[in-house]
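Residues are numbered in my numbering as their position in the sequence shown, beginning at 1, plus a constant of 2. Glycine is no exception: its CB is placed at the ideal position from the N, C-alpha and C atoms. This structure is a prediction, so every number in the text was calculated from the model and none was measured. A quick write-up on the structure given underneath.
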Amino acid sequence: MSAALLYEWRRITSIRSTAVLAVLYLLASAAVAYLLFKVMSGAVGPGDSAEGVPMIPLGMVMGAGTNPLAAIFLTTIAAQSFGHEYRYGVIRLTLSEFPRRWVVFVAKALMVAASVVALFLGSIVVTSLTVTVLGGSFEGLNSDLWLQLVRGCAYLLGYCLLAFAITLLTHNLVLGVVIPLLLSVVVEPLAAAGLSWQLPWLPNYLPLTAGSRFLDGGETMMQGGLVYLAWVVALMVVSFAMLQKRDA
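Rendered as structure tokens:
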């Protein structure tokens with residue numbers, strides 16, 4: 003396993019696009035934080051701060067890193083894990099070097115998870131600095147905000163693992179990136195709006211809609227989190243099974 007992890011580390015760090023995508027993710031997170039700050043500045047009056055400076059909840063800034071417009075750069079990194087190997091035909095070499103396919107699968111999934119967590123934490127720093135430079139201030143940290151931070155990281159990790167699994171299922175990097183994005187911003191909202199009157203239970207079981215409920219908190223947070231987790235685990239299991247059975 004250590005050899006597979008080292009191989010995957012060298013692969014992900016030797017690809018120039020990984021660094022480019024990481025920087026773009028941080029910049030996109032900062033841009034979303036800037037927009038959130040402007041919206042909150044208009045919604046919060048001077049009387050809400052002793053110095054007349056809007057108090058921006060940390061949770062609002064944290065949401066910048068989980069916004070689909072920023073997260074697409076992380077899903078691209080996740081999709082590249084298998085997508086590049088299928089695209090350039092080097093998957094056979096990888097599987098020849100590591101014949102136990104489960105080792106390759108686990109090593110790639112762990113490297114994706116580590117990258118997502120590290121970059122998400124980086125986005126927290128970048129977006130916090132962005133709001134500070136703009137003149138905002140933050141509410142004090144409390145247990146609710148820490149939990150929201152953990153939920154944001156978990157949501158983003160699941161989102162990227164969906165891209166990882168879809169890429170492995172389809173052998174197509176582009177589909178691994180596009181499908182989660184379309185589901186989150188187009189397909190699921192339209193399905194929930196158009197079919198909820200006939201199938202009122204449907205929105206509760208759509209993967210990214212459930213993930214959003216988990217991210218937002220509230221009374222249905224646990225239900226949403228379990229549904230989201232079930233979808234992620236199911237797709238990961240199916241993609242692993244296909245890796246085991248299909249020819250490279």
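CB-CB under 6 Å to L136, same chain, minus the five flanking residues each way: which ones, in chain order? Same-chain partners within the cutoff: F39.
Just curious, the alpha helix (DSSP H) that W233 is in, first and last residue? 223 to 247
L201 and A81 - do their beta-carbons sit closer together than 7 Å? no
Just checking, does the segment 78 to 92 make contact with the segment 28 to 38 on the three C-beta pairs under 8 Å criterion? Not touching, per the Cβ criterion.
Chain-order list of residues whose beta-carbon lies under 8 Å from that of A52 (same chain, five-residue window excluded): The pLDDT assigned to A52 is 44, lower than 50, so where the model puts this residue is not dependable; a value taken from the coordinates is nonetheless given after this. Nothing meets the Cβ criterion.
Specify whether the segment 19 to 31 and the segment 98 to 116 touch according to this definition: at least 3 beta carbon pairs, one from each stretch, less than 8 Å apart. no
Environment of Y90 [buried if 16+ CB atoms lie within 10 Å]: Label assigned to Y90: exposed.
Looking at S117: is its Cβ nearer than 7 Å to the Cβ of V63? no
How far does the alpha helix (DSSP H) with H173 in it extend, from its first residue to its last? Note, H173: premise wrong, no alpha helix (DSSP H); not H, not E.
Chain-order list of residues whose beta-carbon lies under 6 Å from that of L208 (same chain, five-residue window excluded): E190
Applying the 10 Å Cβ sphere with the 16-neighbour rule, what's the burial state of L8? exposed
Going straight from the alpha carbon of A30 to that of L177, what length do you get? 21 Å
Is DSSP giving G47 helix, strand or coil here? Annotation note: pLDDT 49 at G47 (below 50); position unreliable, coordinate value reported separately. Correct three-state label for G47: coil.
Looking only at its own chain, which residues have a Cβ that is under 7 Å from the Cβ of I74, when we skip the five neighbours before and after it? The residues are V179, L183.
Have a look at A6 and W199 and give me their C-alpha separation to the nearest angstrom. 49 Å
Pick helix, strand or coil for G54, following the three-state DSSP scheme. No answer about G54 holds up, because its pLDDT of 48 lies below 50 and its placement is not dependable.
Within the continuous alpha helix (DSSP H) that includes R215, where are the two ends? 209 to 218
Could you give the DSSP three-state label for S198: helix, strand or coil? DSSP places S198 in the coil class of the three-state scheme, outside both helix and strand.
According to DSSP, is F75 helix, strand or coil? helix
With distances taken Cα to Cα, identify the nearest neighbour of F107 among T172, A236, S83. Of T172, A236, S83, the residue nearest in Cα terms is S83.
Can you grab the Cα-Cα spacing for the pair T211 / A194, in whole Å? 9 Å
Enclosing alpha helix (DSSP H) for L112 [first to last residue]: 103 to 135
On the CB-based measure, 16 or more other CB atoms within 10 Å of its CB, does W148 come out buried or exposed? exposed
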